[in-house]
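Visitor:
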Amino acid sequence: MKIALMKLGLNEKEAQIYIAGLSMRAFTAAAMAQQTKIKRSTTYLALSNLIKLGLVSETFQNKKKLFRVEGPESLKKLTQRLRRKVIEAEGIVEEMIPLLGNTPSIKAEAPQLAFYEGMDGIKNVLLDVSASEHSWYFFGSSTEMLKKMTPQDLEEILEEGIKFRRKARNPKIYFITDGGMIQLKDFSQPEPSYREVKVLSETIRASSALVISEDRLVILNFSYPFAAVIKSLEVVEVVKVMYRLVWKGLKQPSR
């Protein structure tokens, strides 16, 4: 399994840490260093790289930073982002999923908090949301988002997001945002049946946004780029009710 992970772009230490983490619910960097006999400084660096790849997430418990290895599905998403050797990478992941699926798992406690740093973290989370077969809801400033994200980042999210949504049979998605959204080519056209947008008359100044999807609430920040994901059905249901109240209260019809 280590060799297969290295073919996906992980170095030997990252692959070793990922494999060890599969059998651990949540762990500190020190615990992982002790488990793998890898220097703590090297362990921190490897975990940081795995977070950027979307294979590991950060969480906090009693003010202590913990790490959690994401499930086998995160490897599928990684292959979607690799621009080189895509066919070979997808084949490797398909071979690995049955092996990873046999790893004993511990029932997750709710709510769970995961933290993804950097613009790569934001992109991974948004593409994960785009792959959902359920409706999802966005609230925030598209104007600020366009200021902070590079054209390359936006193009990647839009193009790959469309592919994921098509594969998920285009569930209905909703946006409450400001006028920045209209600057995007895909949003300047008449709205397709799977999307509804309500544009606010004023610009939202905060460089943050909320995304509600299935059983998770996503908080995005574009100034100090990160994505925080709260996985809790109860939290999502409450926020979804609030979103629908705001939606109904907006007199402006959908575009």
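Per this note's numbering: the sequence shown = residues 1 to 255. The beta-carbon is built from N, C-alpha and C at its ideal position, and this holds for glycine as well.
Using 8 Å as the Cβ pair cut-off and three pairs as the minimum, do the segment 176 to 186 and the segment 211 to 218 touch?
Guide: no
Visitor: Let's test the definition: count the other Cβ atoms within 10 Å of the Cβ of P151 and tell me whether it reaches 16, buried, or not, exposed.
Guide: exposed
Visitor: Less than 8 Å between the CB atoms is what I'm expecting for L121 and I51, so what's the real figure, rounded?
Guide: Residue identity differs from the one stated: residue 121 is Gly in this sequence, not Leu. Sure, about 7 Å apart at Cβ, within 8 Å.
Visitor: For Q61, count neighbouring C-beta atoms within 10 Å of its own C-beta (all shown protein chains included) and say buried if the count is 16 or more, exposed if not.
Guide: Burial call: exposed.
Visitor: Can you tell me where the alpha helix (DSSP H) holding I19 begins and where it ends?
Guide: E12 to G21
Visitor: Which term fits Y18, buried or exposed, when burial requires 16 or more other beta carbons within 10 angstroms of its beta carbon?
Guide: By the neighbour-count rule (16 or more Cβ atoms within 10 Å), Y18 is buried.
Visitor: Taking the alpha carbon of E160 as the reference point, which residue from T36, L75 and N124 has its own alpha carbon closest?
Guide: N124
Visitor: Beta-carbon separation of I38 and K13 under 7 Å?
Guide: yes
Visitor: Considering only DSSP beta bridges, list what N221 is partnered with.
Guide: S208 and F226
Visitor: Are there 16 or more other CB atoms within 10 angstroms of the CB of E237, so buried, or fewer, so exposed?
Guide: exposed
Visitor: Please report the straight-line C-alpha distance between E155 and M149, rounded to a whole angstrom.
Guide: 10 Å
Visitor: Ends of the beta strand (DSSP E) at Y44?
Guide: Y44 -> not in any beta strand (DSSP E); alpha helix (DSSP H) instead, spanning R40 to K52.
Visitor: Check the C-beta distance from T43 over to A20 and give it rounded, since I have them as a contact under 8 Å.
Guide: Incorrect: roughly 10 Å between the Cβ atoms, too far for contact.
Visitor: Rounding to the nearest angstrom, what Cα-Cα distance links A33 and R25 in this structure?
Guide: 15 Å
Visitor: Cβ of Q80 versus every heavy atom of the ligand MG: is any distance shorter than 6 Å?
Guide: This structure does not include the ligand MG; it has no bound ligands of any sort.
Visitor: Rounded to a whole number of angstroms, what is the C-alpha to C-alpha distance between V241 and S41?
Guide: 45 Å
Visitor: Please report the straight-line C-alpha distance between K76 and P192, rounded to a whole angstrom.
Guide: A straight line joining the alpha-carbon of K76 with that of P192 spans about 28 Å.
Visitor: What's the gap between the Cα of G271 and the Cα of Q183?
Guide: Outside the shown range of the chain (1 to 255) lies residue 271, about which nothing can therefore be said.
Visitor: Just verifying my parser: in three-state terms, what is the DSSP assignment at T79?
Guide: Three-state DSSP puts T79 in a helix.
Visitor: List the residues that DSSP assigns as beta-bridge partners of R195.
Guide: I173
Visitor: Cutting at 6 Å between CB atoms, please list the residues of its own chain near F138, excluding the five before and the five after it.
Guide: Hits under 6 Å: F175 and V211.
Visitor: What's the C-alpha gap between E196 and G54?
Guide: Rounded to whole angstroms, E196 to G54 spans 29 Å at the Cα level.
Visitor: What did DSSP end up calling E159 once you bin it into helix, strand or coil?
Guide: helix
Visitor: Cutting at 6 Å between CB atoms, please list the residues of its own chain near Q16, excluding the five before and the five after it.
Guide: T36
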